[in-house]
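Worksheet for the structure shown next.
Number of protein chains: 2
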Amino acid sequence: MPAGRKRQGAPIETSRREDLLRAAARLFVEKGFGATTTRDIAEAVGMRSGSPFYHFRSKQDLLKAAMIEGLETGYRRLQAAIEGIADPEQRLRVMIRTHLGNLLEGDCQAPMLLFETRSLDTAGRAEIAAVADRYQRAWQSTLDELAISGRLRSSARPLRLFLFGMLNWSSQWYRPDGGLSLDEIADAATELLLA
Amino acid sequence: MPAGRKRQGAPIETSRREDLLRAAARLFVEKGFGATTTRDIAEAVGMRSGSPFYHFRSKQDLLKAAMIEGLETGYRRLQAAIEGIADPEQRLRVMIRTHLGNLLEGDCQAPMLLFETRSLDTAGRAEIAAVADRYQRAWQSTLDELAISGRLRSSARPLRLFLFGMLNWSSQWYRPDGGLSLDEIADAATELLLA
DNA sequence: CCTACCGATCGGTAGG
DNA sequence: CCTACCGATCGGTAGG
């Protein structure tokens, strides 16, 4: 039986809701949305089976909330990282490194975004797409800037998609102890793109 | 009610088993393994709920069989496509194009391989990894050949991983009517890698 | 491959 | 947030 249950009232644990979001993200990535039960999630944070529904209306709602929170965190980090960087080459390098950080150092919310959008219902998918669009626009504008001044290796259309492929796929093979640091990966990807 | 059920004995439908494999692959990609029921799969080929278990011992078994079949088909196509191509640059180009074909023109078995290995049990995962290894080795040897003669843009370690990222990620954005053909994607990816 | 069925599990709720 | 619970669904099986 879970020994970690605490009395209420201790001000040290403010946000059980966020505990649920993080546990859900991790489990959805590990086992998939369909194979994760709301009981798994409850148990992961030391709750009883019915209690997640005090915080979220449904399992779908939990998925959607975790995704939106992940996207907004990632976007905030990206904006903070590139603030004030005028040179587009340097800005791209920082964006790539930050994106890898979002993906590989976070709490699984970014990988979940990549591989569980199919589990969202139609309404949720539209909501996510709107938030994701902001993230994409930041990239497109930096890439456009580089393309205009001829500093990209190729201005062909699929370049941005190739870049996201390279970076996002790393969530499938990256291991923290794998002998390849995030900085090294970021540098190699940047070099491949720049002329 | 499904109108498509047929009497047995007509020699035209030999392989109900393969129908199941194809339907399962498509559904696993669309909804995920956990969210797909064996009833969904049965219905997709016009069977009753219990009948898939005449062909496969379990849902896990169905997943494993579909993956192994997909891998072997893909490997056969790759070998057939590069047979007799001596120039490694041209060979790489053909491999890339063939891989995209496996991924985007097949019957969903390749995309399933990319995104549902987590749903396999440990034994199945090991079995798949062994078959997948053969596929990877074909790539590595061509890339090595190019690296030695200095024809790769970068000989850094993550290059093969970047390449698979670019290609595999296309299963997330490619649309047959999207104005970008498989040949164009393949050419763009090849150019990005070659010096 | 169908019929008929079982035990287990799951998302979700009422009431406190 | 827990207790206690419900209806529905699911993977799988026996017997033909």
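Each protein sequence line maps, in turn, to chains A and B. Following UniProt numbering, the numbering of the first sequence begins with 1 at its first residue and continues without gaps. Following UniProt numbering, the numbering of the second sequence begins with 1 at its first residue and continues without gaps. Every residue gets a Cβ at the ideal spot worked out from N, C-alpha and C, and that includes glycine.
*Kindly list the residues whose CB is nearer than 7 angstroms to the CB of T66 (chain B), restricted to its own chain and excluding five residues on each side of it in sequence; keep chain order.*
On the second sequence, position 66 is the one that residue 66 (chain B) refers to. The sequence shown places Ala at residue 66 (chain B), not Thr. Answer for A66 (chain B): L21, A24, A25, Q109 and M112, listed in chain order.
*Burial state of residue 238 (chain A) (16 or more Cβ within 10 Å)*: One cannot answer for residue 238 (chain A) here, as it falls past the ends of chain A, which runs 1 to 195.
*At least one CB of chain B closer than 8 angstroms to the CB of R118 (chain A): is that the case?*
Stepping through the first sequence from its first residue, residue 118 (chain A) is reached at position 118. True, the Cβ-Cβ gap to chain B drops below 8 angstroms.
*Any C-beta of chain B under 8 angstroms from that of P111 (chain A)*: The residue given as residue 111 (chain A) occupies position 111 in the first sequence. Chain B, which has no Cβ nearer than 8 angstroms to the Cβ of P111 (chain A), makes this no.
*Please go through the same chain and pick out, in chain order, the residues whose beta-carbon is closer than 8 angstroms to the beta-carbon of G70 (chain B), but skip the five residues on each side of it.*
On the second sequence, residue 70 (chain B) is found 70 positions in, with the first residue counted as 1. A25, G106, Q109, A110, M112 and L113, listed in sequence order.
*Could you tell me whether any Cβ in chain B is nearer than 8 angstroms to the Cβ of residue 253 (chain A)?*
In the structure as shown, chain A begins at 1 and stops at 195. Residue 253 (chain A) is therefore absent and cannot be evaluated.
*asked:* Can you pull the chain B neighbours of residue 256 (chain A), defined as C-beta to C-beta under 7 angstroms?
replied: This structure does not reach residue 256 (chain A), given that chain A is present from 1 up to 195, and the question cannot be answered.
*State the DSSP-derived secondary structure class of Q90 (chain A), mapped to helix, strand or coil.*
Here residue 90 (chain A) corresponds to residue number 90 of the first sequence, with the count starting at 1. Residue state, collapsed to three classes: helix.
*Who are the neighbours of K64 (chain B) on chain A, taking C-beta pairs under 9 angstroms?*
As a first step, residue 64 (chain B) must be located in the second sequence, where it is residue number 64. Contact of K64 (chain B) with chain A by beta-carbon distance below 9 angstroms is absent, the smallest such distance being about 16 angstroms.
*Taking I148 (chain B) as part of the alpha helix (DSSP H), name the residues at either end of that continuous run.*
Residue 148 (chain B) sits at position 148 when you count from the first residue of the second sequence. Unbroken alpha helix (DSSP H) run through I148 (chain B): T122 to I148.
*Confirm the yes/no value for this check: CB of L71 (chain A), any heavy atom of the ligand MN, distance under 7 angstroms.*
You won't find the ligand MN in this model; it holds no ligand whatsoever.
*On a CA-only basis, which of A:S119, A:P88 and A:Y135 is nearest A33 (chain B)? Give me that one, please.*
By 1-based counting over the second sequence, the position of residue 33 (chain B) is 33. The sequence as given places Phe at residue 33 (chain B); Ala does not occur at that position. Comparing alpha carbon positions, the residue from A:S119, A:P88 and A:Y135 closest to F33 (chain B) is A:S119.
*Using a Cβ cut-off of 9 angstroms, pull out every chain B residue sitting near S170 (chain A), in sequence order please.*
In the first sequence, residue 170 (chain A) corresponds to position 170, counting from 1. In chain order: P158, L161, F162 and G165.
*Which ranges does the alpha helix (DSSP H) cover as unbroken runs of at least 4 residues, wholly within the UniProt domain "HTH tetR-type" (14-74) of chain B, from first to last along the chain?*
Within the UniProt domain "HTH tetR-type" (14-74) of chain B, the complete alpha helix (DSSP H) runs of at least 4 residues are 16-31, 38-44 and 52-55.
*Can you tell me whether DSSP reads L180 (chain A) as helix, strand or coil?*
Start at 1 with the first residue of the first sequence, and residue 180 (chain A) comes out as number 180. DSSP places L180 (chain A) in coil when its eight states are reduced to three.
*Less than 8 angstroms separating the beta-carbons of R97 (chain B) and A186 (chain B)?*
Within the second sequence, the letter at position 97 stands for residue 97 (chain B). Within the second sequence, the letter at position 186 stands for residue 186 (chain B). When the beta-carbon positions are compared, R97 (chain B) and A186 (chain B) come within less than 8 angstroms of each other.
*Taking only the alpha-carbon atoms, compute the straight-line gap between R76 (chain B) and G165 (chain A) and give it to the nearest angstrom.*
The residue given as residue 76 (chain B) occupies position 76 in the second sequence. The residue given as residue 165 (chain A) occupies position 165 in the first sequence. Roughly 25 angstroms between the two C-alpha positions.
*Nearest-angstrom Cα distance between I82 (chain B) and L100 (chain B)?*
By 1-based counting over the second sequence, the position of residue 82 (chain B) is 82. By 1-based counting over the second sequence, the position of residue 100 (chain B) is 100. Going by the C-alpha atoms only, they are around 14 angstroms apart.
*9 angstroms Cβ cut-off: residues of chain B touching S154 (chain A)*: Counting from one through the first sequence, the residue named residue 154 (chain A) turns up at place 154. Per Cβ cutoff of 9 angstroms: A188, E191 and L192.
_Closer than 8 angstroms is the cut-off here; do at least three beta carbon pairs connect the segment 131-146 of chain A with the segment 130-142 of chain B?_
Result no; under three Cβ-Cβ pairs closer than 8 angstroms.
_Check whether chain A comes within 8 angstroms of I185 (chain B), counting only Cβ atoms and requiring the distance to be less than that._
For the purposes of this step, residue 185 (chain B) is identified with residue 185 of the second sequence, where counting begins at 1. Under the Cβ criterion of 8 angstroms, I185 (chain B) is counted among the residues facing chain A.
_Let me see if you follow: with CB-CB separation under 8 angstroms, is F28 (chain B) close to chain A or not?_
Position 28 of the second sequence, counting from 1, holds the residue named residue 28 (chain B). Residue-level contact check: F28 (chain B) does not touch chain A, since none of the beta carbons of chain A fall below 8 angstroms from its beta carbon.
*asked:* For V29 (chain B) and F115 (chain B), what's the separation of their Cα atoms in angstroms?
replied: Residue numbering aside, residue 29 (chain B) sits at position 29 when the second sequence is read from its first letter. Residue numbering aside, residue 115 (chain B) sits at position 115 when the second sequence is read from its first letter. V29 (chain B) and F115 (chain B): Cα-Cα distance of roughly 8 angstroms.
_Burial state of L193 (chain A) (16 or more Cβ within 10 Å)_ = Residue mapping note: residue 193 (chain A) aligns to position 193 of the first sequence, counting from 1. By the neighbour-count rule (16 or more Cβ atoms within 10 Å), L193 (chain A) is buried.
_Given this structure, state the Cα-to-Cα distance separating A44 (chain A) from N102 (chain B), to the nearest angstrom._
For the purposes of this step, residue 44 (chain A) is identified with residue 44 of the first sequence, where counting begins at 1. For the purposes of this step, residue 102 (chain B) is identified with residue 102 of the second sequence, where counting begins at 1. Spanning the two alpha carbons is a distance of roughly 39 angstroms.
*Bridge partner(s) assigned by DSSP for residue 219 (chain A)*: With chain A covering only 1 through 195, there is no way to say anything about residue 219 (chain A).
*Does the distance from the CB of T38 (chain B) to the CB of K59 (chain B) come in under 8 angstroms?*
In the second sequence, the residue the question calls residue 38 (chain B) occupies position 38. In the second sequence, the residue the question calls residue 59 (chain B) occupies position 59. For T38 (chain B) and K59 (chain B), yes; Cβs fall inside 8 angstroms.
*Length of the line joining the Cα atoms of A188 (chain A) and F53 (chain B)*: In the first sequence, residue 188 (chain A) corresponds to position 188, counting from 1. In the second sequence, residue 53 (chain B) corresponds to position 53, counting from 1. Cα to Cα, the separation comes out at about 49 angstroms.
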